[in-house]
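Heads up: the sequence lines are chains A and B, in that order. Sequential numbering from 0 applies to the first sequence in numbering that gives the first Met the number 0. Sequential numbering from 0 applies to the second sequence in numbering that gives the first Met the number 0. Note that beta-carbon positions come from the ideal geometry of N, C-alpha and C, so glycine has one too.
Protein chains: 2
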Amino acid sequence: MRIGELAERTATSRRLLRYYEEQGLIIASRGPNGYRDYDEAAVDRVIQVRGLLDAGLPTRIIKQILPCLDKPRTIYFPDATPEMIATLEEELDRMTRRAECLLRNRDAIAEYLDAVREYDAARPAGTPQPSSASRHASSS
Amino acid sequence: MRIGELAERTATSRRLLRYYEEQGLIIASRGPNGYRDYDEAAVDRVIQVRGLLDAGLPTRIIKQILPCLDKPRTIYFPDATPEMIATLEEELDRMTRRAECLLRNRDAIAEYLDAVREYDAARPAGTPQPSSASRHASSS
DNA sequence: TCGAACCCTCACATCAATGTGAAGGTCTAC
DNA sequence: GTAGACCTTCACATTGATGTGAGGGTTCGA
């Protein structure tokens with residue numbers, strides 16, 4: 000498929016696809032006219048890249064870890080340099096911490112929303128609003 | 000405490016602290032000389048902001064959700080506009096998806112690392128490396 | 001054969017999160 | 001009272017992920 004289709008199927012701008020290629024995150028063969036040519040797998044690949052990017056990893060890191068994540072359980076240790084293993088371990092850590100933080104804050108938001116919904120349910124439309132509500136007390 | 004101490008205690012540059020303040024993420028009172036003056040709670044606050052930032056939320060959003068996350072279970076619904084609730088719900092979703100992606104990829108990396116370690120354990124130093132290993136087959 | 005809809009590269013613009021440094025005030029200790 | 005270590009604001013630089021547009025080729029259908 001050409002870049003336009005890939006862009007549409009991954010909800011990613013052409014510009015970004017070219018950028019990802021430039022960063023070595025995806026590869027494309029070229030037709031005789033110079034047009035990029037992608038295979039089916041590129042769709043998943045792009046989606047994964049976007050996921051990692053959205054998860055906060057920089058392209059530099061994604062490029063390093065991507066080969067280890069190839070879906071068809073390809074175990075190819077040969078080019079796993081110790082340096083790269085170190086990067087992976089580090090990033091694993093960082094991701095875990097990031098996810099924890101994310102979930103912690105997410106739960107806090109969810110809790111808040113629940114409380115708000117309960118409040119709204121108990122006090123349907125038109126109920127007078129207290130101009131300024133309970134202020135906090137204890138620290139940290 | 001003054002900005003220097005806060006910077007040290009949160010491992011955040013002074014510049015960034017001023018930036019967060021500019022973005023409305025933290026507040027500081029001022030001494031008679033114009034120096035910023037932070038209370039104990041600022042430390043946690045900054046750490047939380049950094050966490051959210053690291054989790055991928057832009058300052059714009061953090062500013063909106065931060066008041067709902069105040070630790071001492073402060074329930075103050077009055078200023079929870081419907082618009083803000085919507086933002087929260089949206090962000091909640093986004094965070095959940097982000098966390099999922101993060102964990103999915105983290106697990107994939109962990110799995111890979113485990114496999115590598117097993118491989119290394121079975122084949123201690125000096126074992127000949129196959130120049131190029133198994134390539135994948137199935138698609139997607 | 002013309003126009004629309006693709007594609008290419010190149011390059012500059014933008015935005016958020018940061019760094020860095022200049023020019024200057026304040027506080028403290030010697 | 002002066003040096004050093006703080007602080008202030010202002011402003012420009014940078015980096016990574018993107019947008020946008022110019023200038024130009026290709027493909028295809030009317």
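Residues that residue i bridges to, as DSSP identifies them
i                       : result
aspartate 113 (chain B) : Looking at the DSSP assignment, aspartate 113 (chain B) forms no beta bridge with any residue, so it has no partner.
serine 28 (chain A)     : A:Asp36
With 16 other Cβ atoms within 10 Å as the buried cut-off, status of residue i
i                      : result
leucine 41 (chain B)   : Residue 41 (chain B) is actually alanine in this sequence, not leucine. Classification for alanine 41 (chain B): buried.
arginine 1 (chain A)   : exposed
threonine 9 (chain B)  : buried
serine 138 (chain A)   : Only weak support exists for where serine 138 (chain A) lies, its pLDDT of 29 falling under 50; the value from the coordinates is given anyway. Its Cβ having fewer than 16 others within 10 Å, serine 138 (chain A) is exposed.
tyrosine 111 (chain B) : buried
tyrosine 34 (chain B)  : exposed
arginine 44 (chain B)  : buried
glutamate 90 (chain B) : buried
glutamate 7 (chain B)  : exposed
CB contact flag (residue i, residue j, <7 Å)
i                       : j                      : result
aspartate 53 (chain A)  : arginine 105 (chain B) : no
isoleucine 25 (chain B) : tyrosine 19 (chain B)  : yes
glycine 50 (chain A)    : glycine 55 (chain B)   : no
leucine 68 (chain B)    : tyrosine 37 (chain B)  : no
threonine 58 (chain B)  : glutamine 22 (chain B) : yes
threonine 86 (chain B)  : glutamine 63 (chain B) : yes
- Message: Give the list of continuous beta strand (DSSP E) stretches no shorter than 3 residues that lie fully inside the stretch 40-99 of chain B.
- Response: For the stretch 40-99 of chain B, not a single whole beta strand (DSSP E) run of length 3 or above is found.
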